[in-house]
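Asker: The structure's right below; bear with me while I get my questions together.
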Amino acid sequence: MKLLLFLSTLFLAAFSQRIALFSPPTGTEVSPGQDVTVQLVFGNSLTGVQHLNLVISMLDCAGTACPTDAGSGLETPLFVGNFTPVFQSGNLPPYENFTVTIPETLSTGTNMITVAHSLLVGVSEMPIVQYTNVTVSTP
Ligand SMILES: *[C@@H]1O[C@H](CO)[C@@H](O)[C@H](O)[C@H]1NC(C)=O
Ligand SMILES: *[C@@H]1O[C@H](CO)[C@@H](O)[C@H](O)[C@H]1NC(C)=O
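Below, the structure is given as structure tokens:
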């Protein structure tokens, strides 16, 4: 019983260590060619976390339902590289801002900015890929 409690606490700790997209907010208008700030927040780490890699990508899904599984493809990467969230002024957990350029070919309608983040968690260095996304509106 104690072991189970311990394990589920560990699980919760690992689970709460998630990447979150704070900006742009849902429904923001983004035009082809425009520069957009993507603000990615990562909750304060209770156990060790090693950030491996980050991909910020554009899914052109105007006129159809946006995909529900980013694991099946990221379409158009806008940024590939390191994720180094740090405490900055304000009350937010550690975060990092990225400036990405919206593809010129993006269709008019509802599209999705999606993020894939790979990391190692805990003393066992468990590899994880986390996804987050936001839908935006292209005029
Ligand atoms: C986008 O996020 C929603 C809400 O978390 C999720 O249900 C959906 O599967 C995600 N889509 C992709 C492509 O990751
Ligand atoms: C990061 O981006 C957010 C949203 O645009 C902004 O409010 C914040 O001031 C930015 N932080 C820094 C350090 O530029």
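Numbered as in the working numbering, the sequence shown ends at 173 without a single skipped number. Cβ atoms here follow ideal geometry from the backbone N, Cα and C, with glycine treated the same way.
Is any non-hydrogen atom of ligand 1 found closer than 7 Å to the C-beta of S148, if you look at the structure I gave you?
Answerer: Taking the first residue of the sequence shown as 1, we reach residue 148 at position 114. Per the sequence shown, the amino acid found at residue 148 is Thr instead of Ser. Indeed, a heavy atom of ligand 1 lies less than 7 Å from the Cβ.
Asker: If we count the other Cβ atoms within 10 Å of its Cβ and call it buried at 16 or more, is P119 buried or exposed?
Answerer: Along the sequence shown, read from residue 1 onward, the residue named residue 119 stands at position 85. P119 should be labelled buried.
Asker: Ligand 1 and D94: does any heavy atom of the ligand fall closer than 7 Å to the residue's C-beta?
Answerer: For this step, residue 94 is matched to residue 60 along the sequence shown. No - ligand 1 has no heavy atom lying nearer than 7 Å to the Cβ of D94.
Asker: Which residues are close to ligand 2, meaning CB closer than 6 Å to any heavy atom, in chain order?
Answerer: That query returns the following residues: S57, T71, Q73, Q122, N131.
Asker: For D69, list the residues DSSP reports as bridge partners.
Answerer: In the sequence shown, the residue the question calls residue 69 occupies position 35. For D69, which the question treats as bridged, DSSP gives the partners T135.
Asker: Hey, could you find the ends of the beta strand (DSSP E) P58 is sitting in?
Answerer: To locate residue 58, count along the sequence shown from 1; it is residue 24. Note, P58: premise wrong, no beta strand (DSSP E); not H, not E.
Asker: Residue ranges of each beta strand (DSSP E) run of no fewer than 3 residues wholly in the stretch 78–154, ordered along the chain?
Answerer: Listed in chain order, the complete beta strand (DSSP E) runs (minimum 3 residues) inside the stretch 78–154 are 83–93, 110–115, 129–135.
Asker: Where do the N-terminal and C-terminal ends of the beta strand (DSSP E) with T166 fall, by residue?
Answerer: As a first step, residue 166 must be located in the sequence shown, where it is residue number 132. Its beta strand (DSSP E) spans residues 160–172.
Asker: Are the beta-carbon atoms of S65 and P161 separated by less than 8 Å?
Answerer: If you number the sequence shown from 1, residue 65 lands on position 31. If you number the sequence shown from 1, residue 161 lands on position 127. Against a cut-off of 8 Å, the Cβ pair of P161 and S65 comes out as no contact.
Asker: So for V157, helix, strand or coil by DSSP?
Answerer: The count along the sequence shown starts at 1 and reaches residue 157 at position 123. Looking at V157 - three-state DSSP - the assignment turns out to be coil, as it is neither helix nor strand.
Asker: Within 7 Å: the Cβ of D69 and any heavy atom of ligand 1?
Answerer: Start at 1 with the first residue of the sequence shown, and residue 69 comes out as number 35. Every heavy atom of ligand 1 is 7 Å or more from the Cβ of D69, so no.
Asker: From V70, Y129, N167, L108, pick the residue whose C-alpha is nearest to that of F76; which is it?
Answerer: The count along the sequence shown starts at 1 and reaches residue 76 at position 42. Ranking the options by Cα distance to F76, first place goes to Y129.
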